[in-house]
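Going by this note's numbering, the sequence shown wraps up at 57, each residue one higher than the last. Here a beta-carbon is modelled for each residue, glycine too, at the ideal position from N, C-alpha and C.
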Amino acid sequence: NGCTQRQRKTLDALGLKKMHHTVEHDATPQILGMVNKVHHLVKFEKSK
10 NGCTQRQRKT LDALGLKKMH HTVEHDATPQ ILGMVNKVHH LVKFEKSK
């Protein structure tokens, strides 16, 4: 699978269900913390 159960739950909490799925979130400390936990599994960038 490539990720642990905990990482899968973090991805689900971020709204990422499938590969190549895109979501937008405000850069709150909670969101940034979740992204930091799965940074090796996701690509993230600031929106314009």
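Supposed close pair residue i, residue j - CB separation, criterion 8 Å
i	j	result
I16	V51	The residue asked about is misnamed: residue 16 is Gln in this sequence, not Ile. That pair is no contact at about 10 Å.
Per-residue burial, residue i [other beta carbons within 10 Å of its own, 16 or more giving buried]
i	result
T19	buried
M43	buried
Residue i to residue j span [Cα, whole Å]
i	j	result
G24	K55	17 Å
D21	K57	24 Å
G11	N45	16 Å
T37	H49	20 Å
H30	Q39	20 Å
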